[in-house]
Ligand code: MN
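In this note's numbering, the protein residues as written are 146 to 663.
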């Protein structure tokens, strides 16, 4: 982790940054450090250290993620406008509009978050603030990336906070910032945030699982080492250049997975996986074929996330095989490029060494470089466009998944679904599949019957009982809360009347036909 030592001197940050930015940019960086240092001079962190350590470490993280200079400058300055006498105008004069814009965006995300507990009640007075926030974020995704670096450092100094604050921040990190990192495809950051948050939320369970994981790995590491050598030799035969590494499951993801398999760790096959990284996409498939020639694959565990990337843009081939000595091993096969994206996500598209202007970013985001299925970004941009034209938007539309209070519920099979707090069973049904919503007949939650109008709770296991003949009813309009469910339902209700007519007509025709036969 980047924060073993929780201080960062100016000289050290400059040394880290120097290889990646131009001389002129490094000078700007020095100016920003000096400005922030003098602005925060009388402030201390809860830990007692000088406040400036915090923005310094945030900026250092942004350097390590490969962010452009404007993001790094905004990282240094991110708390100045909110907490010191420095103004946005000053920042704009010294570092340009883009940096001022980013600092402003980060400040607004913090402010808006403070009032997010009940967005719907909160809207009327502050729609304006929130609009500004969404415009800021919608225009520049770097705001969120800076916010994540900020949150990471705050998490790493959580031990100095009182317990109630620790819990609040940890919970928020797990519910908002973890998913945010995930949506940005920043896998490594997501894991860091989740691990720290979970260790505060449930210390005994965190410790127990950590020990359990260590014990298990101790047993399998040596055997896995043998598999690794075997595979490496085989790949050489085919002239495939590959790097093979072990990856260990994180404690929090083990915790989530255990909940799906009734706590039985023997049912988890990917405590440790082998990752094979190759140069070309074609090689991924060749490697997959070679592995399946060597070992017996578990057919239902082969996943092609290259042809069908995950919604956040993640790409890899996954397969789980049974080795000759009956060991179950998961392999993840990807190119270096896919690997970089899996680790750094969208941050990977802001390369520092290419020195882009801000116009390029805006263009970039609108064009094809964003994974086309990162729908929420376009959703956000739609909302922003509406706001700009002063069109009415519903609270629900504003409650973009990133910021709402979310709950996690499970299907009986253990799939996890993410819903806004207060969501009703039908919201879940429509989220799983619009046909499941359409034919929902009743609900069982945690094994018990559950009425349509009773909100779901975090951790619920929700089973939708469907009947083919059961169809949506007008009254359901009051029994859904998400835009998604509402839209699907509206479409189905207008269709149902027609379907009913056709079905009836069909029945009559059949009836007549059968009568004729007689
Ligand atoms: Mn901060």
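All C-beta atoms in this analysis are idealised placements derived from N, C-alpha and C, irrespective of residue type, glycine included. Bear in mind that the values here come from a model prediction, so they are computed numbers and not experimental data.
Asked: Work out the CA separation of residue 167 and residue 440 for me, nearest whole Å.; Found: 50 Å
Asked: May I ask you to check if the CB of residue 295 is nearer than 7 Å to at least one heavy atom of ligand 1?; Found: yes
Asked: If you measure between the beta carbons of residue 184 and residue 218, is that distance less than 8 Å?; Found: no
Asked: Which residues does DSSP pair with residue 389 in a beta bridge?; Found: 421
Asked: Got a sec: does ligand 1 put a non-hydrogen atom nearer than 7 Å to the Cβ of residue 199?; Found: yes
Asked: Can residue 223 be considered in contact with ligand 3, in the sense that its beta carbon sits closer than 7 Å to one or more heavy atoms?; Found: You won't find ligand 3 in this model; what it holds is ligand 1.
Asked: To the nearest angstrom, report how far apart residue 162 and residue 390 are at their CA atoms.; Found: 28 Å
Asked: Does the structure place the stretch 420-439 close enough to the stretch 486-496 that three or more beta carbon pairs sit under 8 Å?; Found: no
Asked: Between the alpha carbons of residue 304 and residue 197, how many angstroms are there, rounded?; Found: 18 Å
Asked: Please classify residue 663: does DSSP put it in a helix, a strand, or coil?; Found: With a pLDDT of 48 at residue 663, under the threshold of 50, the predicted position of this residue should be treated as unreliable, though the coordinate-derived value follows. Residue state, collapsed to three classes: coil.
Asked: Please report how far the alpha carbon of residue 629 lies from the alpha carbon of residue 335, in whole angstroms.; Found: 26 Å
Asked: Excluding sequence positions up to five away, which residues of its chain have a Cβ less than 8 Å from the Cβ of residue 323?; Found: 335, 338, 339 and 342
Asked: Is DSSP giving residue 321 helix, strand or coil here?; Found: helix
Asked: Compute the Euclidean distance between the alpha carbons of residue 215 and residue 604, then round it to the nearest angstrom.; Found: 41 Å
Asked: State the beta-bridge partners of residue 300 as determined by DSSP.; Found: DSSP output for residue 300 lists no bridge partner at all.
Asked: Is the separation between the beta-carbon of residue 625 and that of residue 575 shorter than 8 Å?; Found: yes
Asked: Out of 379, 488 and 317, which has the shortest C-alpha to C-alpha gap to residue 345?; Found: 317
Asked: Thinking just about the alpha-carbon of each residue, which of 327, 220, 227 and 585 is nearest to the one in residue 292?; Found: 220
Asked: Taking DSSP as the reference, what is the three-state secondary structure of residue 159?; Found: helix
Asked: So, using beta-carbon positions, are residue 582 and residue 330 closer together than 8 Å?; Found: no
Asked: Within a Cβ cutoff of 7 Å, which residues of the same chain sit near residue 623, ignoring the five residues on either side of it in sequence?; Found: none
Asked: Cutting at 7 Å between CB atoms, please list the residues of its own chain near residue 207, excluding the five before and the five after it.; Found: 216, 217, 220, 291 and 294
Asked: Determine the extent of the alpha helix (DSSP H) in which residue 225 is found, giving its start and end residues.; Found: 225-228
Asked: Can you have a look at residue 568 and say buried or exposed, based on whether 16 or more other CB atoms are within 10 angstroms of its CB?; Found: buried
Asked: Should the stretch 370-381 be regarded as contacting the stretch 395-405, the criterion being three or more beta carbon pairs within less than 8 Å?; Found: no
Asked: Which residues share a DSSP beta bridge with residue 594?; Found: 589
Asked: Output yes or no for whether 8 Å exceeds the beta carbon distance between residue 321 and residue 385.; Found: no
Asked: Can you list, in chain order, the residues of its chain with a C-beta nearer than 7 Å to that of residue 269? Leave out the 5 residues immediately preceding and following it.; Found: Residue confidence is low: residue 269 scores 31 on pLDDT, short of 50, so the model does not pin down where it sits. Its coordinate-derived value is still stated next. Closer than 7 Å at Cβ, skipping near neighbours: no residue.
Asked: Going by C-alpha to C-alpha distance, which of 469, 407 and 296 sits closest to residue 375?; Found: 469
Asked: Please report how far the alpha carbon of residue 402 lies from the alpha carbon of residue 594, in whole angstroms.; Found: 26 Å
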